[in-house]
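**Student:** Residue numbers (this note's numbering): 59 to 368.
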Amino acid sequence: MRIAVLGSLNMDLVMEVERLPRPGETVPGRTFSRYPGGKGNNQAIASARLGAEVSLFGYVGADAFGEELLRVAQDAGVDVTGVKRLPHAQTGIALILVAPDGQNQIAYAPGANGKIDESYVEQIIPRLKAADVLLMQLEIPIGPLAFLLRKLPEDRPLVILDPAPAQDLSALPLNRVDYLTPNREELGVLLDSPVMEKDELMRASQTLFSLGVRHLVVKADRDGAYLAESGGVTRFPAYKVKAVDATAAGDAFNAALAVMLAEGKGPYEAIGYANAAAAITVTRKGAVSSLPTRAEVQDFLRHPYRYDPA
Ligand code: RIB
């Protein structure tokens with residue numbers, strides 16, 4: 059099965075800190091590392107490690123970070139021939155702080171990612187249409203995404219949109235989104251109200267259904283994930299693991315969901331599998347470096363207790 063990912067490639071500059079700083083505060087750092095990342099790149103590499111044939115589309119700058127990101131993605135088996143190198147732009151950079159409990163704070167400078175435009179999307183549409191599943195996120199401009207969704211055939215490919223970082227989606231034709239996969243904070247921004255519990259989720263998701271979204275999958279960290287469909291809400295409990303770094307857990311989740319749906323699995327099986335992929339990711343440091351292989355997810359599903367902190 060074929061997965062196309064249209065999204066960002068970033069170099070992640072990561073500092074482990076004793077605790078995440080409050081506004082205006084300075085906190086001491088413990089370690090500093092550099093990891094390949096970016097939501098698009100992470101989701102593409104995760105999908106490849108989980109066994110899919112993957113093509114990544116996006117922009118990097120013509121600089122050393124861009125070259126390194128492309129090499130790492132290619133080594134992971136991702137087809138990067140559709141990624142463009144922009145001569146006068148910097149490759150995207152993310153600054154990430156990670157606390158001892160694995161929680162993080164991320165700010166990013168989009169650089170080349172922010173230059174993606176409709177003419178690029180127009181060029182790659184034939185390759186996107188050929189995929190079984192198209193995965194996208196919001197670290198690239200929303201205008202070209204709206205343009206793309208309007209141009210896709212109604213029934214193919216299946217579209218998964220990870221609305222991260224959160225922003226207003228009113229420009230997007232959401233009736234062409236099969237799965238919308240926010241985390242709780244992002245859902246709060248989309249609906250302009252914090253939504254937490256199962257009952258509230260059903261009520262709130264009606265707004266998104268009325269805009270055409272077919273499935274809403276909410277990533278809820280330690281609470282697992284929720285699937286809201288027109289018929290009701292189902293909760294998928296999280297696995298108990300020792301969290302080291304939450305970076306890219308959402309990306310592993312989206313990729314695993316994409317791979318399972320591309321293989322013809324239903325949403326229930328796909329979300330259970332995605333929870334396992336995300337759980338493994340939080341036990342490891344970094345973005346690309348933390349994404350599991352298919353064998354690892356299968357092993358985890360057989361022996362989840364090995365990861366249990368208790
Ligand atoms: O989802 C994790 C990613 O978000 C990081 O790799 C970082 O690049 C940010 O974009």
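All C-beta atoms in this analysis are idealised placements derived from N, C-alpha and C, irrespective of residue type, glycine included.
In the DSSP assignment, what are the bridge partners of Gly324?
**Tutor:** Within the sequence shown, numbered from 1, the residue matching residue 324 stands at position 266. DSSP output for Gly324 lists no bridge partner at all.
**Student:** Only counting the same chain, and skipping five residues up and downstream in sequence, which positions put a Cβ closer than 6 Å to that of Asp111?
**Tutor:** Here residue 111 refers to the residue found at position 53 when the sequence shown is read from its first residue. Here residue 111 is Glu; the residue named in the question, Asp, does not match the sequence. Excluding residues within five positions, the ones whose Cβ falls inside 6 Å are Arg60.
**Student:** Any heavy atom of ligand 1 closer than 7 Å to the Cβ of Ala170?
**Tutor:** The residue given as residue 170 occupies position 112 in the sequence shown. No, the beta carbon of Ala170 sits no closer than 7 Å to any heavy atom of ligand 1.
**Student:** Assign Ser91 to one of three DSSP states: helix, strand, or coil.
**Tutor:** Against the sequence shown, residue 91 aligns to sequence position 33. In this structure, Ser91 counts as strand in the three-state DSSP scheme.
**Student:** Between the Cα of Ala134 and those of Asp357, Gln356, Leu349, Pro362, spot the shortest distance and give me the residue it belongs to.
**Tutor:** The residue given as residue 134 occupies position 76 in the sequence shown. Nearest option by C-alpha distance: Leu349.
**Student:** When you compare the CB positions of Leu315 and Val275, do they come within less than 8 Å of one another, or not?
**Tutor:** The sequence position of residue 315 within the sequence shown is 257, counting from 1. The sequence position of residue 275 within the sequence shown is 217, counting from 1. The answer is yes: Cβ separation under 8 Å.
**Student:** What are the start and end residues of the beta strand (DSSP E) that includes Asp70?
**Tutor:** Locating residue 70 in the sequence shown gives position 12, where the first residue counts as 1. Unbroken beta strand (DSSP E) run through Asp70: 68–75.
**Student:** If you scan the segment 103–170 from start to end, which runs of the beta strand (DSSP E) of 3 or more residues do you find wholly inside it?
**Tutor:** Counting only runs that start and end inside the segment 103–170, the beta strand (DSSP E) elements of at least 3 residues fall at 111–119, 141–144, 150–156, 162–167.
**Student:** With a CB to CB cut of under 6 Å and the five nearest residues on each side skipped, what residues in its chain are close to Asp175?
**Tutor:** Locating residue 175 in the sequence shown gives position 117, where the first residue counts as 1. Only Pro202 meet the Cβ criterion.
**Student:** Indicate the three-state DSSP secondary structure (helix, strand or coil) for Gln225 in the structure shown.
**Tutor:** By one-based count along the sequence shown, residue 225 stands at place 167. Here Gln225 sits in coil by DSSP.
**Student:** Kindly examine ligand 1 and report whether one of its heavy atoms sits closer than 7 Å to the Cβ of Asp121.
**Tutor:** Within the sequence shown, numbered from 1, the residue matching residue 121 stands at position 63. Result no, Cβ not under 7 Å from ligand 1.
**Student:** Taking all protein chains shown into account, do 16 or more other C-beta atoms lie within 10 angstroms of the C-beta of Glu244, making it buried, or fewer, making it exposed?
**Tutor:** Mapped onto the sequence shown, residue 244 falls at position 186. Buried is the call here.
**Student:** Run the CB neighbour count on Ala77, radius 10 Å, all protein chains shown included, and call it buried at 16 or more, exposed below.
**Tutor:** What you label residue 77 is simply residue 19 of the sequence shown in a count that begins at 1. As written in the sequence, residue 77 is Arg, which differs from the Ala given in the question. Classification of Arg77: exposed, given that the 10 Å Cβ count is below 16.
**Student:** Quick check: is any heavy atom of ligand 1 less than 7 Å from the C-beta of Glu197?
**Tutor:** Here residue 197 is taken as the residue at index 139 of the sequence shown, counted from 1. Yes.
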